[in-house]
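J.: Would you mind keeping the following structure in view while I ask a few things?
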Amino acid sequence: MTETGPAVLIVEDEPQMRRFLRAALGSHGFKLLEASTAREAVQLATSHNPELILLDLGLPDGDGIDLTRQLREWCTAPIIVISARGREEDKVQALDAGADDYLTKPFGTNELLARMRVSLRHAQQVGSSAASPILQVGELRIDLGRREVAVGDRQVRLTPIEYKLLVYLARNAGRVLTHRQILAEIWGSTHGVQAHHVRVHMAELRKRIEVDPAQPKLLLTEPGVGYRLRDRS
Ligand code: CA
Numbered sequence: 447m448t449e450t451g452p453a454v455l456i457v458e459d460e461p462q463m464r465r466f467l468r469a470a471l472g473s474h475g476f477k478l479l480e481a482s483t484a485r486e487a488v489q490l491a492t493s494h495n496p497e498l499i500l501l502d503l504g505l506p507d508g509d510g511i512d513l514t515r516q517l518r519e520w521c522t523a524p525i526i527v528i529s530a531r532g533r534e535e536d537k538v539q540a541l542d543a544g545a546d547d548y549l550t551k552p553f554g555t556n557e558l559l560a561r562m563r564v565s566l567r568h569a570q571q572v573g574s575s576a577a578s579p580i581l582q583v584g585e586l587r588i589d590l591g592r593r594e595v596a597v598g599d600r601q602v603r604l605t606p607i608e609y610k611l612l613v614y615l616a617r618n619a620g621r622v623l624t625h626r627q628i629l630a631e632i633w634g635s636t637h638g639v640q641a642h643h644v645r646v647h648m649a650e651l652r653k654r655i656e657v658d659p660a661q662p663k664l665l666l667t668e669p670g671v672g673y674r675l676r677d678r679s
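Using the numbering used here, the letters of the sequence shown correspond one by one to residues 447 to 679.
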């Protein structure tokens, strides 16, 4: 069953890295497409409509961030950036450009597969029209119809902003959301509202949903980048 799974486009100019990815993913039933330049990547994305894209940032004919922006104009497949650039601002730039996730090289096969599963599942949920009125992420349960939140058996009371934040995080469970994305989604603008507003509300949210807010298990900080609600499934 080597060619039956989701089609994954690998955009990477280093043959060694492509070999690693082929070895890591080949036995998991993915159908692999390979591009070594930005130009090839656009061609293959257009002709084969892959379900997931793994994207290196340093390409011989262009930058992966620009390519991400370009792909995002029409392509809905999740993009996971794989890069040796590990600085926070690189991650923020890639995510703000429309990438779904970011892995810093070197990374292990298991971590890559886990991130790919999250991205593919999320794309499927977004694509399915029969949206459930219940969002369940591990112990956390959000009833969108009744606007009720529970952690295990415990009912949780939230302010409207906290509720909006939690729903946004839960709809994107497992993915990093940047400060800019959160500001735009919750406040509708990145003007006037600052990143520290996000921090304050996240701290409040943690007090309500975490057993120990000082050691969060659900609502994780990605230092310098943003926040991620842990997806335990
Ligand atoms: Ca490269």
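Glycine included, C-beta positions come from ideal geometry on N, C-alpha and C. Every value quoted in this text rests on a predicted model; they were computed, and no experiment measured them.
#1: For Asp502, is the classification buried or exposed, using 16 other Cβ atoms within 10 angstroms of its Cβ as the cut-off for buried?
#2: For Gly472, name the three-state secondary structure that DSSP assigns.
#3: Between the beta-carbon of Arg561 and the beta-carbon of Ile528, is there less than 7 Å?
#4: Could you pull the start and end residues of the beta strand (DSSP E) that Leu500 belongs to?
#5: Report yes if the C-beta distance between Ile499 and Leu541 is below 7 Å; otherwise report no.
#6: With 16 other CB atoms within 10 Å as the buried threshold, where does Lys537 fall?
#7: Please confirm whether any heavy atom of ligand 1 lies closer than 6 Å to the CB of Ile509.
#8: Starting from Lys537 and walking both ways along the beta strand (DSSP E), at which residues does that stretch end?
#9: Which runs of the alpha helix (DSSP H) at least 4 residues long sit entirely within the region 631-657? Give them in chain order.
#10: Tell me which same chain residues have a C-beta within less than 6 Å of the C-beta of Thr555, skipping the five on either side of it?
#11: Evaluate contact between the region 585-594 and the region 621-631, counting only Cβ atoms and requiring at least three cross-stretch pairs below 8 Å.
#12: Val613 bridges to which residues according to DSSP?
#13: Can Glu668 and Pro662 be called in contact, C-beta distance under 7 Å?
T.: Looking at the coordinates:
#1: With 16 or more Cβ atoms within 10 Å of its Cβ, Asp502 is classed as buried.
#2: Gly472 falls in the helix class under three-state DSSP.
#3: No, they are not a contact pair.
#4: Note, Leu500: beta strand (DSSP E), Leu498 to Leu501.
#5: For the 7 Å CB-CB criterion, Ile499 and Leu541 do not form a contact.
#6: With 16 or more other CB atoms across the displayed protein chains lying within 10 angstroms of its CB, Lys537 is buried.
#7: The amino acid occupying residue 509 in the given sequence is Asp; Ile does not appear at that position. No, ligand 1 has no heavy atom inside 6 Å of this Cβ.
#8: Note, Lys537: premise wrong, no beta strand (DSSP E); alpha helix (DSSP H) at Glu534 to Ala543.
#9: Complete alpha helix (DSSP H) runs here, min 4: 641-655.
#10: For Thr555, where only same-chain residues beyond five positions count, the Cβ hits under 6 Å are Ala470.
#11: Because the criterion of three Cβ pairs below 8 Å is not met, the region 585-594 and the region 621-631 do not touch.
#12: DSSP, once it has assigned bridges, lists no residue as partnering Val613.
#13: Pro662 is positioned such that its CB atom lies no closer than 7 Å to that of Glu668.
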